[in-house]
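Have a look at the structure below before the remarks.
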Amino acid sequence: MTATDRSDAVTPAGGSRRGRPFRPVPLPLLVPALVGLAFLLLPLLALLVRAPWRGLPDQLTSPEVWQALRLSLVSATAATAVSLVLGVPLAWLLARTAFPGRGLVRALVTLPLVLPPVVGGVALLLALGRGGVVGQWLDSWFGLTLPFTTAGVVVAETFVAMPFLVISVEGTLRAADPRYEEAATTLGASRFTAFRRVTLPLIAPGIAAGAVLAWARALGEFGATITFAGNFPGRTQTMPLAVYLALQNDPAAAIALSLVLLAVSITVLAGLRDRWMTAS
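The sequence shown: position 67 = 67 (my numbering), numbered continuously.
Okay, structure coming up:
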């Protein structure tokens with residue numbers, strides 16, 4: 001018997017020749033793990049159990065709910081488009097160029113990920129409000145007012161969603177081989193042409209994943225939106241805001257909207273499973 005045959009014949013205790021071997025889980029780790037799993041799944045199961053399934057079509061087709069759904073989809077899509085236009089070049093800047101303070105810039109870009117959304121809304125008001133640092137000039141020069149408007153919803157959602165796209169695209173750029181861009185520039189292409197014709201096709205999966213994440217985050221935004229844009233039905237009331245308001249007056253509508261957001265979250269996770277998850 002050769003060494004290869006002997007190694008094939010040996011099976012780890014409690015395991016198999018194929019896949020990962022089974023290892024017993026220590027009880028002190030198994031119990032809190034199961035409790036944590038139950039803690040995360042129980043609220044979701046309760047939402048499904050208490051959902052008004054028979055009246056769900058009527059709830060989702062009511063004018064108020066439809067307005068919130070339509071506004072959420074439009075504003076989240078617009079915020080994702082703005083994030084793509086601004087975030088992809090920003091990610092390229094962080095991944096492909098070296099400049100003083102790049103680490104600080106990266107930290108500031110990712111700050112909205114950990115910043116409480118309400119604080120982000122207050123910061124937007126101080127910056128872009130009618131009396132804000134920049135907003136006062138927008139109002140006096142162009143007559144443009146962002147707070148408590150549909151455009152304000154897009155601004156608030158972009159503020160909290162764009163870092164997700166930047167992080168995803170920057171990671172993809174760092175993993176991509178820069179020699180392809182260098183080869184294109186040596187053949188006479190400008191850096192922008194190399195980015196457009198070479199880099200973008202290489203990082204397209206990362207851009208798509210970042211766009212999906214940004215869209216889902218924008219769709220579920222609450223704190224910055226209600227602080228900066230308010231909660232006006234048909235104008236600034238998105239689905240999360242409608243859930244909050246309906247929970248006080250119409251719990252069935254709140255559950256129906258919550259189910260829509262849950263379905264979107266599950267769809268996003270399913271679409272990104274190949275990027276984040278590995279086969280067990």
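Just so you know, even glycine gets a beta-carbon here, dropped at the ideal spot from N, CA and C.
Nothing here was measured: the structure is a model prediction, and the numbers come from that model.
Taken in chain order, the whole alpha helix (DSSP H) runs of length 4 or more contained in the stretch 176-258 are 179-186, 191-194, 200-219, 223-228, 239-249.
Look at the beta carbons and you see the stretch 63-78 touching the stretch 233-249: at least three pairs across the two are nearer than 8 Å. Of the candidates 220, 187, 180, 253, the residue whose Cα lies closest to the Cα of residue 57 is 253. Contact between residue 162 and residue 262 fails: their C-beta atoms lie close to 24 Å from each other, not under 8 Å.
With a cutoff of 8 Å on beta-carbon distance, residue 213 and residue 225 are scored as not near each other. Shown here for residue 265: same chain residues with a beta carbon closer than 8 Å to its own, the five before and five after excluded, namely 216, 220 in chain order. For the pair of segments examined, the stretch 133-141 was found not to touch the stretch 181-198: the number of CB pairs separated by less than 8 Å stays below three.
If only uninterrupted beta strand (DSSP E) runs of at least 3 residues are considered, none is enclosed by the stretch 77-144. Counting every other CB atom within 10 Å of its CB across the protein chains shown gives residue 248 a total below 16, marking it as exposed. By the beta-carbon neighbour count (other beta carbons within 10 angstroms, threshold 16), residue 172 is buried. Taking 8 Å as the cut-off, the beta carbon of residue 82 is found no closer than this to the beta carbon of residue 160.
When the Cα atoms are used, residue 101 and residue 107 turn out to be separated by approximately 10 Å.
The alpha-carbon separation between residue 150 and residue 185 amounts to approximately 43 Å. Per DSSP, reduced to three states, the secondary structure at residue 70 is helical. Residue 188 counts as exposed, since fewer than 16 other beta carbons sit within 10 angstroms of its beta carbon.
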